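In what follows, a structure is listed as structure tokens, so that the remarks can point back to it.
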Amino acid sequence: MNTARTATPDVSIVVPIYNEFDNLTDLVERIAQAMAQQALTFELLTVDDGSTDGSVDKLRELAATRAWLRPVFLARNYGQSSALQAGFDRVRGRYVVTLDADLQNEPDDIPLLLQRLETDHRVDMVSGWRKDRQDAELSRKLPSRIANWLISRSTGVYLHDYGCALKAYRRPIIDRIRLYGELHRFIPSLAKEAGARITEVPVRHHARTRGVSKYGIDRTFRVILDLVLIVFFMRYRQRPLHAFGGLGLWLIAPGSLILLWLLVEKFMGHAIGGRPLLLAGMVLVLVGAQLVVAGLIGEMLMRIYHEAGNKPQFHAEEYQADTAAAPVQPAPAVTEIVA
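With full-length UniProt numbering applied, the sequence shown corresponds to residues 1 to 339, in that order.
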């Protein structure tokens, strides 16, 4: 298939790349073969994230004879989230597919995900599930299982496999989310926040045969920190006062009771100046008050973000009747009355 760059494709496939020189030729050919199995036109955006192994030259060479291949080159290594966002900023298709460049994802499964989006209009995102993972290293399997359980329980988006890069989306969902830091692991959670209806389908998985894995067990600790951010983002982004102010009130309440008790003790003639309880009460009240003020500042910042930045507070779509299926009713006759 040779989709011209001037035509608008049906599917945009985004692949972040970092030092995958040995896999690039097979990757591009296998994606082309997979997409030739169905009628949708496509483009392939390969986003090189500052590779140093010759991947840039190889992508230029491959793109010279393939109009549907659109390489994107980042100035340096920014990370997978930035590479994906660079691709998302350039997609043109009504469907967006992502997968890794290491060929552990099976390109022939792409039509499976697209078929689900085409036939089930209640679904906005299809996430791959590597049901039979071929990773031999316990250092990858164990952290992945822990992360999947922890993220599902914390965000309410229950998936077996958050780490599978093979996913398909309707374009409006991609347009509503922004990736930064290392939030690529939480795309399903961000998609849910953007209103996506998500499903999961089993896909094939292969052991890496070329190149070097970029993941290690240290990733688990970064996932936990990012998870804290995602949970806060999903629950309190539009009401930060409920987060900070609520915690502040929980501190102010016992602090106030302590100070009230000490005041009673003072009226009864007991010395309270050297009691540690006095310091504890004052600290609780002061810290609680600071948290309430932080929540108020957060509310003002959110108001500025939405009003001055013209950012929507919600996403909605209006019902459109299926004009192709519904019979067209003739317009009522109009009689013109001339005075």
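We put the CB at the ideal spot given by N, CA and C, even for glycine. If you're wondering where the values come from, they're calculated on a predicted model, not measured in any experiment.
Give the DSSP-derived three-state secondary structure of V97 in the structure shown.
-> The DSSP-derived three-state label of V97 is strand.
Helix, strand or coil at G50 according to DSSP, with G and I counted as helix | Here G50 sits in coil by DSSP.
DSSP three-state call for H184: helix, strand or coil?
-> Note: H184 maps to helix in three-state DSSP.
Hey, would you say V123 sits closer than 8 Å to R176, going by beta carbons?
-> Cβ atoms of V123 and R176: not closer than 8 Å.
With a cut-off of 8 Å, do at least 3 Cβ pairs link the segment 73-91 to the segment 9-28?
-> Note that the segment 73-91 touches the segment 9-28; at least 3 beta-carbon pairs, one per stretch, sit closer than 8 Å.
For the segment 183-196 and the segment 161-168, state whether three or more C-beta atom pairs, one from each stretch, are separated by less than 8 Å.
-> With a cut-off of 8 Å, the segment 161-168 and the segment 183-196 count as touching, because enough Cβ pairs lie within range.
Do A191 and Y95 have their C-beta atoms within less than 8 Å of each other?
-> A distance of 8 Å or more separates the beta carbons of A191 and Y95.
Please specify which runs of the alpha helix (DSSP H), each continuous and at least 4 residues long, are wholly inside the segment 14-95, giving them in chain order.
-> Segments of the alpha helix (DSSP H) lying fully in the segment 14-95: 21-35, 55-63, 80-88.
Where DSSP assigns a beta bridge to A168, which residues make up the other side?
-> Beta-bridge partners assigned by DSSP to A168: V97, V126.
What residue does the alpha helix (DSSP H) around T119 start on, and which one ends it?
-> In the DSSP assignment, T119 falls within the unbroken alpha helix (DSSP H) covering 110-119.
Enclosing alpha helix (DSSP H) for V264 [first to last residue] | For V264, the uninterrupted alpha helix (DSSP H) segment begins and ends at 240-267.
Which one or two residues does DSSP pair with S12 in a beta bridge?
-> The beta-bridge partner set that DSSP reports for S12 consists of E43, V96.
Buried or exposed (CB count within 10 angstroms, at least 16 for buried), T65 = Classification for T65: exposed.
For the beta strand (DSSP E) holding V201, just list the boundary residues, first then last.
-> The continuous beta strand (DSSP E) containing V201 extends over residues 198-203.
Might you give, ordered along the chain, the residues of its own chain that have their beta carbon closer than 7 Å to the beta carbon of R76, omitting 5 neighbours on each side?
-> Excluding its 5 nearest sequence neighbours in each direction, R76 has C-beta neighbours in its own chain below 7 Å: G50, listed in chain order.
Three-state class that DSSP yields for P330 in the structure shown | Note that P330 has pLDDT 45, beneath the 50 cutoff, so the model's placement of it is unreliable and no number is given.
Is there contact between the segment 280-291 and the segment 249-267, where contact requires at least three CB pairs shorter than 8 Å?
-> Per the Cβ contact rule, the segment 280-291 is in contact with the segment 249-267 (3 or more Cβ pairs under 8 Å).
Per DSSP, the bridge partner or partners of N105 | Bridge partners of N105 according to DSSP: H205.
Going straight from the alpha carbon of E307 to that of W68, what length do you get?
-> Cα to Cα, the separation comes out at about 40 Å.
Can you give the Cα-Cα distance for D10 and L112, rounded to whole angstroms?
-> The alpha-carbon atoms of D10 and L112 are separated by roughly 15 Å.
Same chain, Cβ closer than 6 Å to L259, neighbours up to 5 away in sequence not counted = The answer, listed in chain order, is G281.
Candidates W129, L62, N19: closest to S55 by CA position = Cα-wise, what sits closest to S55 is N19.
Cβ neighbours of E299 in the same chain (closer than 7 Å, five flanking residues each side left out) = If we look at E299 and ignore the five residues flanking it on each side, its Cβ neighbours are P240, L241.
Classify I151 as buried or exposed, calling it buried when 16 or more other Cβ atoms lie within 10 Å of its own Cβ.
-> Buried, because 16 or more other Cβ atoms sit within 10 Å of the Cβ of I151.
According to the neighbour-count rule (16 or more other Cβ atoms, all chains shown, within 10 Å of its Cβ), is R170 buried or exposed?
-> Burial call: buried.
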